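**Student:** Just so we're on the same page, the working numbering is the position in the sequence shown counted from 1, plus 22.
The beta-carbon is built from N, C-alpha and C at its ideal position, and this holds for glycine as well.
Since the model is a prediction, treat every value here as computed from it, not as a measurement.
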Amino acid sequence: MVIIMKVVLQNLTKKFPSRNKKGGEVVAVNDFTFEIPDGKLVGLLGPSGCGKSTTLNLLCGLQKPTSGKIFFGEDEVTNLPAEHRGVGLVFQNYALYPHLTVLQNIIFPLQNLKGKDKLSKAVMTEKAYEVAKLVQIDELMDRKPSELSGGQQQRVAIARALVKMPKVLLLDEPLSNLDARLRLQTREEIRRIQRETQITTVFVTHDQEEAMSISDMIVVMKDGVIQQIGKPQEVYDDPVNLFVAKFLGTPPINVFRGEVKGDKLYIGQEAILDIQGVADQEVYVGIRPEGFILDEQGALGCELSRLEVMGRDVSVVSTHPACENTTIRSIIGSDSKVDLGAKTIRFNVKPGKVDIFSMTTQERIHFELK
Ligand code: ATP
Numbered sequence: 023m024v025i026i027m028k029v030v031l032q033n034l035t036k037k038f039p040s041r042n043k044k045g046g047e048v049v050a051v052n053d054f055t056f057e058i059p060d061g062k063l064v065g066l067l068g069p070s071g072c073g074k075s076t077t078l079n080l081l082c083g084l085q086k087p088t089s090g091k092i093f094f095g096e097d098e099v100t101n102l103p104a105e106h107r108g109v110g111l112v113f114q115n116y117a118l119y120p121h122l123t124v125l126q127n128i129i130f131p132l133q134n135l136k137g138k139d140k141l142s143k144a145v146m147t148e149k150a151y152e153v154a155k156l157v158q159i160d161e162l163m164d165r166k167p168s169e170l171s172g173g174q175q176q177r178v179a180i181a182r183a184l185v186k187m188p189k190v191l192l193l194d195e196p197l198s199n200l201d202a203r204l205r206l207q208t209r210e211e212i213r214r215i216q217r218e219t220q221i222t223t224v225f226v227t228h229d230q231e232e233a234m235s236i237s238d239m240i241v242v243m244k245d246g247v248i249q250q251i252g253k254p255q256e257v258y259d260d261p262v263n264l265f266v267a268k269f270l271g272t273p274p275i276n277v278f279r280g281e282v283k284g285d286k287l288y289i290g291q292e293a294i295l296d297i298q299g300v301a302d303q304e305v306y307v308g309i310r311p312e313g314f315i316l317d318e319q320g321a322l323g324c325e326l327s328r329l330e331v332m333g334r335d336v337s338v339v340s341t342h343p344a345c346e347n348t349t350i351r352s353i354i355g356s357d358s359k360v361d362l363g364a365k366t367i368r369f370n371v372k373p374g375k376v377d378i379f380s381m382t383t384q385e386r387i388h389f390e391l392k
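(1) Skipping 5 residues on each side, what residues in its chain have a beta carbon closer than 7 Å to that of residue 312?
(2) List in chain order: all unbroken beta strand (DSSP E) runs of 3+ residues lying wholly within the region 231-302.
(3) Run through DSSP, which three-state label would residue 128 get?
(4) Under 8 Å: do the region 237-248 and the region 71-91 share three or more Cβ pairs, one atom per stretch?
(5) Here's the rule: buried if 16 or more other CB atoms are within 10 angstroms of the residue's CB, otherwise exposed. What is residue 369?
(6) Between which two residues does the alpha helix (DSSP H) carrying residue 323 extend?
(7) Looking only at its chain, what residues have a beta carbon closer than 7 Å to the beta carbon of residue 46, apart from the 5 residues adjacent to it on each side?
(8) Using CA coordinates, which residue listed in 120, 63, 129 and 54 is at the minimum distance from residue 92?
(9) How far does the alpha helix (DSSP H) with residue 152 in it reach, from first residue to last?
(10) Which same chain residues end up closer than 8 Å to residue 329 when comparing Cβ atoms and leaving out the 5 residues on each side of it in sequence?
(11) Heavy atom of ligand 1 less than 7 Å from the Cβ of residue 50, yes or no?
(12) For a test of your reading of the model: does the CB of residue 72 fall under 7 Å from any non-hydrogen atom of ligand 1? Yes or no.
(13) Can you look up residue 26 in the DSSP assignment and give me helix, strand or coil?
(14) Would you kindly work out how many angstroms separate the C-alpha atoms of residue 102 and residue 304, rounded to a whole number?
(15) Taking DSSP's pairing of strands, which residues face residue 345 in a bridge?
(16) Please work out which residues of its chain come closer than 6 Å, Cβ to Cβ, to residue 193, disregarding the five sequence neighbours upstream and downstream, and give them in chain order.
(17) Please identify the residue among 187, 190, 164 and 158 whose C-alpha is closest to the C-alpha of residue 176.
(18) Taking 7 Å as the line, does the beta carbon of residue 54 fall inside it for any heavy atom of ligand 1?
(19) To the nearest whole angstrom, what separates the beta carbons of residue 307 and residue 278, a pair I think is in contact under 8 Å?
(20) Apart from the five residues just before and just after residue 385, which ones in its own chain have a Cβ nearer than 6 Å to its Cβ?
(21) Rounded to whole angstroms, what's the CA-CA distance from residue 107 to residue 137? Just pull it up for me.
(22) What whole-angstrom Cβ distance do residue 197 and residue 205 have, given they're in contact under 8 Å?
(23) Comparing the CB of residue 38 with every heavy atom of ligand 1, is any distance shorter than 7 Å?
(24) Excluding five sequence neighbours on each side, which residues of the same chain lie with their C-beta closer than 8 Å to the C-beta of residue 199?
(25) Measuring alpha carbon to alpha carbon, tell me which of 87, 380 and 309 ends up nearest residue 302.
(26) Within the present structure, is the beta-carbon of residue 75 separated from the nearest heavy atom of ligand 1 by less than 7 Å?
(27) Does ligand 3 have a heavy atom nearer than 7 Å to the CB of residue 388?
(28) Grouping DSSP H, G and I as helix and E and B as strand, with all else coil, what is residue 375?
(29) For residue 90, name the three-state secondary structure that DSSP assigns.
(30) Is residue 45 near ligand 1, in the sense that its beta carbon is under 7 Å from a heavy atom of that ligand?
(31) Measuring CB to CB, does residue 236 end up less than 8 Å from residue 257?
(32) Report the rounded CA-to-CA distance for residue 325 versus residue 314, giving the unit in angstroms.
(33) Would you call residue 31 buried or exposed, if buried means 16 or more other Cβ atoms sit within 10 Å of its Cβ?
(34) Pull up the distance between the alpha-carbon of residue 393 and that of residue 341, whole angstroms please.
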C-alpha cells in the first residue's frame, strides 16, 4: 500500500558560506514556497548552480534549511532525520554495491529495518521481486551490477529506492549517464512507474525537454529563485520573463531587439504586428520557431542561410541584424517551398507565438492584438 501525500515547501531557504575572499554567503535556495500535489511528478528545472540539488537534499533531510519548513502531508518533517522521512532517492551515478547481486542490492534497504519493522528473508525477497517486476528487471536478479547495461543499472537503483514504498521519490538527474536513446526510453519508464505507483515524485534535471516531457508540473529556477511554476505547456506558452522563455523549447525561442511605437511592434524598420495596450518603448521580441509563416509579402525579411531537414519538419536557418541569437530558426512544414537561391526570406508571424519583454526588467509585457 502506498501512502500518497502532498509535499509542501514553506519559505524554504538555504544559505552556504561563499568561502571566497570577499566572504558573504550563497543563497542556494531563496524563500521557496510551493506545494507538490499528492501523486504528481514535479520537475525541478534550471541551469547549473540554480539550487536544484540543494532543494532535493533539503527534502530528503541530507541538509538542514537555514529557515523555512517542509511538510509531507500534514506532518512537518523539517527537523526529522533523513532515515525517518520515508524518502526514496535515486542519483545520477547509480551507486549500486558492486559485490552484491541485483536481488541483494534491492533488498539492502530492507535489511536495515529494526524491531517491529524487521522482515523475514522470504518477505524481503517477495518485496524485491514485486518492485523488480515493476521496473522490468526480474529476469536479472542474480547478476552483479557490472553485468548490466547503464539503463538496467539505473532500473535497479529505482527498484532499490522503491522497495520500502517511500512516501516521496526523489530523482536527481537520474538519466545523465545514459545515452540519448536510453535516456528517452528510461524517462518513459520513470513516468510509467510513477503513474503506476502514484508516489509523489520530484525529478531534478537541467534538461528542459526531459522535464517538459514527463512532468505534471515544472518549477523553473534561476540562481536559487523560483521563476515560474506550472504545467509544462502553460509555462512554455506563457513565460513570465525572458529567462523562462529562453530556457524552454528546442530549438530555442528567437529573440530580437524591437520597439513598440504607435501601437505597432517593430523589428528594425519592419512592423510585424499591430498591437495595443503597451506604451511606446524598446522591447525584446521573442518568436518561437513554430511562430513563423513563409510569405513572400511577409513583414519580416531575414537573410537566408540554409535549410535543415529534421524528419517531418524543415528548419529555415536565417539571420537578422536585430536578432540576439546567432541564427534564427523557423520550423515550417516539409511541403513548404523555399527558394534556396534567394538571399532574403520573408515571414509573417503567428501572434500567439510572439512574446514581448521589458528591456529593463526582462519581465513579459502582455499585449492585445489590434
Ligand atoms: P547542478 O545542476 O550543477 O548540480 P544545482 O542546480 O543542483 O546545480 P546546487 O548544487 O543546488 O545547484 O547549488 C546551488 C548553489 O549553492 C551553487 O551556487 C553552489 O555553488 C552552492 N552550494 C551548494 N552546496 C554548497 C556548499 N556545501 N557550500 C557552499 N556552496 C554550496
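**Tutor:** Working from what's here:
(1) Taking residue 312 as the centre and dropping the five residues before and after it, the same chain places the C-beta of 353 and 375 closer than 7 Å to its C-beta, in chain order.
(2) Whole beta strand (DSSP E) segments, 3+ residues: 239-244, 247-252, 276-283, 286-289 and 292-298.
(3) Under the three-state reduction of DSSP output, residue 128 falls in the helix class.
(4) Touching, per the Cβ criterion.
(5) Classification for residue 369: buried.
(6) First-last for residue 323: 322-332, but that is the beta strand (DSSP E), not the alpha helix (DSSP H).
(7) Within its own chain, the residues whose Cβ lies closer than 7 Å to the Cβ of residue 46, once the five positions on either side in sequence are excluded, are 40, listed in chain order.
(8) Ranking the options by Cα distance to residue 92, first place goes to 54.
(9) Residues 143-156.
(10) Counting only Cβ-Cβ distances below 8 Å, and skipping sequence neighbours, we find 336, 337, 338, 339, 360 and 362.
(11) A heavy atom of ligand 1 is found nearer than 7 Å to the CB of residue 50.
(12) Residue side-chain check: residue 72 places its Cβ nearer than 7 Å to a non-hydrogen atom of ligand 1.
(13) Coil.
(14) Each residue's Cα considered, the two are about 51 Å apart.
(15) DSSP output for residue 345 lists 278 as bridge partner(s).
(16) Setting aside the 5 residues that flank it on each side, residue 193 is surrounded in the same chain by 112 and 225, each with a C-beta closer than 6 Å to its C-beta; the list follows chain order.
(17) Comparing Cα positions, the closest option is 158.
(18) Distances between the C-beta of residue 54 and the heavy atoms of ligand 1 are all 7 Å or more.
(19) About 4 Å separates the two Cβ atoms, so the contact holds.
(20) In chain order, 263 place their CB closer than 6 Å to the CB of residue 385, counting only its own chain and leaving out the 5 sequence neighbours on each side.
(21) When only Cα atoms are considered, residue 107 and residue 137 end up about 17 Å apart.
(22) Separation of the CB atoms of residue 197 and residue 205 is rounded to 5 Å, and the pair is thereby assigned contact status at 8 Å.
(23) A heavy atom of ligand 1 is found nearer than 7 Å to the CB of residue 38.
(24) Once the five neighbours on either side are set aside, the close Cβ partners of residue 199 are 114, 115, 116, 172 and 176.
(25) Selection 87, 380 and 309 evaluated against residue 302 yields 380 as nearest (Cα-Cα).
(26) For ligand 1, at least one heavy atom lies less than 7 Å from the Cβ of residue 75.
(27) Looking at this structure, you won't find ligand 3 anywhere; what it does contain is ligand 1.
(28) It is helical.
(29) For residue 90, the secondary structure class from DSSP, reduced to helix, strand or coil, is strand.
(30) If you check the C-beta of residue 45 against ligand 1, you find no heavy atom less than 7 Å away.
(31) Their beta carbons are not under 8 Å apart, which means residue 236 does not touch residue 257 by this criterion.
(32) Answer to the nearest angstrom: the Cα atoms are 14 Å apart.
(33) With 16 or more other Cβ atoms from the protein chains shown falling within 10 Å of its own Cβ, residue 31 counts as buried.
(34) Residue 393 lies beyond the range of the chain shown here (23 to 392); nothing can be said about it.
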